[in-house]
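Reading through the structure tokens given below for one structure.
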Amino acid sequence: MIPVNVLTGFLGSGKTTLLNALLRHPQMRRTAVIVNEFGEIAIDHDLIETSDESFVQLSNGCLCCQVRSDLVLTLSELAAARAAGSLPAFERVVIETSGLADPAPILHALMTDASVRERYVLAGVVTTVDAVVGMRSLANYVECARQIALADRVVLTKTDVPEACPESLEARLRDIHGDCPTLRAVRGQIEPDVLFPVDVETRMPAFLATAAPLRGLATYRVDAASHAHSTGMTSVSIVRDEPVHAATLALFVSALAENCGDDLVRVKGIVSVVEDPERPAVIHGVQHVYDAAQWMARWPSADRRTRLVFIGRRLNAQWLGMLLDLLDEEVADQAAKIRRA
Numbered sequence: 565m566i567p568v569n570v571l572t573g574f575l576g577s578g579k580t581t582l583l584n585a586l587l588r589h590p591q592m593r594r595t596a597v598i599v600n601e602f603g604e605i606a607i608d609h610d611l612i613e614t615s616d617e618s619f620v621q622l623s624n625g626c627l628c629c630q631v632r633s634d635l636v637l638t639l640s641e642l643a644a645a646r647a648a649g650s651l652p653a654f655e656r657v658v659i660e661t662s663g664l665a666d667p668a669p670i671l672h673a674l675m676t677d678a679s680v681r682e683r684y685v686l687a688g689v690v691t692t693v694d695a696v697v698g699m700r701s702l703a704n705y706v707e708c709a710r711q712i713a714l715a716d717r718v719v720l721t722k723t724d725v726p727e728a729c730p731e732s733l734e735a736r737l738r739d740i741h742g743d744c745p746t747l748r749a750v751r752g753q754i755e756p757d758v759l760f761p762v763d764v765e766t767r768m769p770a771f772l773a774t775a776a777p778l779r780g781l782a783t784y785r786v787d788a789a790s791h792a793h794s795t796g797m798t799s800v801s802i803v804r805d806e807p808v809h810a811a812t813l814a815l816f817v818s819a820l821a822e823n824c825g826d827d828l829v830r831v832k833g834i835v836s837v838v839e840d841p842e843r844p845a846v847i848h849g850v851q852h853v854y855d856a857a858q859w860m861a862r863w864p865s866a867d868r869r870t871r872l873v874f875i876g877r878r879l880n881a882q883w884l885g886m887l888l889d890l891l892d893e894e895v896a897d898q899a900a901k902i903r904r905a
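Note that the sequence shown covers residues 565 to 905 in the working numbering.
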């Protein structure tokens with residue numbers, strides 16, 4: 565499977581600068597870059613410096629509007645050309661969105677299109693935020709907040725500029741998405757394995773194994789970022805000590821879709837499953853679209869607890885934790901009845 569990273573961020577936040585710096589690193593030498601530009605004249609792709617083993621593919625129009633056709637077609641054509649030997653044997657794809665893009669439809673396509681899922685796996689979302697004007701962008705543009713809410717890594721750029729205010733901006737970012745690691749980069753200088761961590765053997769997203777420890781309750785632990793400002797976004801994390809049954813996952817996802825609706829923007833997690841304790845399940849959800857659980861070949865770390873992250877509006881941490889518990893109890897009861905019959 566080829567990992568796909570989505571690089572997003574508001575207009576002028578330093579996406580291309582970051583990408584150029586990354587592509588100069590030896591670890592990124594076999595990278596296919598898909599550049600999306602919003603406008604009639606495309607120039608961003610000419611600003612990206614590539615090596616002999618990496619290349620840029622242009623996607624016209626707004627990806628968040630045309631993602632079902634353009635992005636899926638582009639990824640399919642890249643895979644076919646790679647197999648035919650007419651393109652370098654790329655090992656990673658980076659999609660650089662336009663500054664006005666909503667990343668959600670892009671993630672939907674990566675998660676649900678059958679032809680894409682045969683060859684690619686979503687490895688994470690990186691969002692750049694301008695440390696000079698980031699607060700102003702958040703106050704005036706909902707796209708900026710949504711890009712942050714859907715991120716797995718946030719990179720603060722231009723932190724070396726005298727007018728930058730990274731500390732106050734980091735506090736605001738915690739209000740929107742408290743569980744998301746925030747990194748700093750000056751002129752795009754950052755190590756690729758820090759920004760795009762992927763489990764080497766399974767090619768699955770490694771960010772799920774690096775969640776910070778959370779305080780909490782007896783059966784499951786809850787940590788809620790309760791301070792929401794104009795965006796109304798909050799982040800809730802649940803860590804469960806006991807594994808859940810495989811059937812519980814489908815019921816839980818269905819209940820989330822039915823009860824949370826548009827209030828739930830993102831779900832991601834690594835789950836310990838009763839029926840297969842040596843292999844964790846990875847789940848993704850973006851708005852009303854939920855990916856089928858994917859199974860890692862092994863646990864990526866010594867921490868084998870279930871860890872779930874929810875980002876959205878008006879999220880009730882206790883309700884989410886209790887819902888998971890109740891559904892798993894119901895599944896366990898039904899299994900016990902079947903065994904007795």
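Each residue gets a CB set at the ideal place from its N, CA and C atoms; glycine is no exception. Since the structure is predicted, the reported quantities are computational estimates derived from the model, not experimental observations.
Chain-order list of residues whose beta-carbon lies under 7 Å from that of residue i (same chain, five-residue window excluded)
{"i": "residue 640", "result": "679"}
{"i": "residue 863", "result": "844"}
{"i": "residue 646", "result": "653 and 654"}
{"i": "residue 859", "result": "843 and 845"}
{"i": "residue 674", "result": "568, 680, 684 and 686"}
{"i": "residue 811", "result": "895"}
7 Å Cβ cutoff met for residue i and residue j
{"i": "residue 584", "j": "residue 688", "result": "no"}
{"i": "residue 638", "j": "residue 598", "result": "yes"}
{"i": "residue 888", "j": "residue 816", "result": "yes"}
{"i": "residue 691", "j": "residue 582", "result": "no"}
{"i": "residue 756", "j": "residue 592", "result": "yes"}
{"i": "residue 829", "j": "residue 876", "result": "yes"}
{"i": "residue 727", "j": "residue 696", "result": "yes"}
{"i": "residue 577", "j": "residue 724", "result": "no"}
Neighbourhood of residue i by C-beta distance below 8 Å, restricted to the same chain and skipping five residues each side
{"i": "residue 732", "result": "699"}
{"i": "residue 747", "result": "717, 718, 719, 720, 754, 758 and 759"}
{"i": "residue 610", "result": "Unreliable placement is indicated for residue 610, whose pLDDT of 41 sits below 50; the coordinate value is still reported in the next sentence. If we look at residue 610 and ignore the five residues flanking it on each side, it has no Cβ neighbours."}
{"i": "residue 819", "result": "887 and 891"}
Same chain only: Cβ atoms within 6 Å of residue i, ignoring 5 sequence neighbours per side
{"i": "residue 872", "result": "802 and 833"}
{"i": "residue 743", "result": "799, 801 and 873"}
{"i": "residue 575", "result": "663"}
{"i": "residue 642", "result": "596"}
{"i": "residue 701", "result": "574 and 708"}
{"i": "residue 579", "result": "571, 573, 660 and 692"}
Counterpart residues of residue i in DSSP-defined beta bridges
{"i": "residue 905", "result": "Per DSSP, none; premise fails for residue 905."}
{"i": "residue 713", "result": "DSSP lists no partner for residue 713."}
{"i": "residue 705", "result": "Paired residues: none, contrary to the question."}
{"i": "residue 747", "result": "719"}
{"i": "residue 658", "result": "569 and 597"}
{"i": "residue 691", "result": "572 and 718"}
{"i": "residue 685", "result": "567"}
{"i": "residue 898", "result": "Answer by DSSP bridge pairing: none, since residue 898 is not bridged."}
{"i": "residue 908", "result": "With the chain covering only 565 through 905, there is no way to say anything about residue 908."}
(request) Please go through the stretch 811 to 883 and give each complete beta strand (DSSP E) segment of 3 or more residues, from N-terminal end onward. (result) 828 to 835, 845 to 850 and 870 to 876
(request) Mind the definition here: the stretch 879 to 898 touches the stretch 703 to 722 only if three or more C-beta pairs lie below 8 Å; say whether that holds. (result) no
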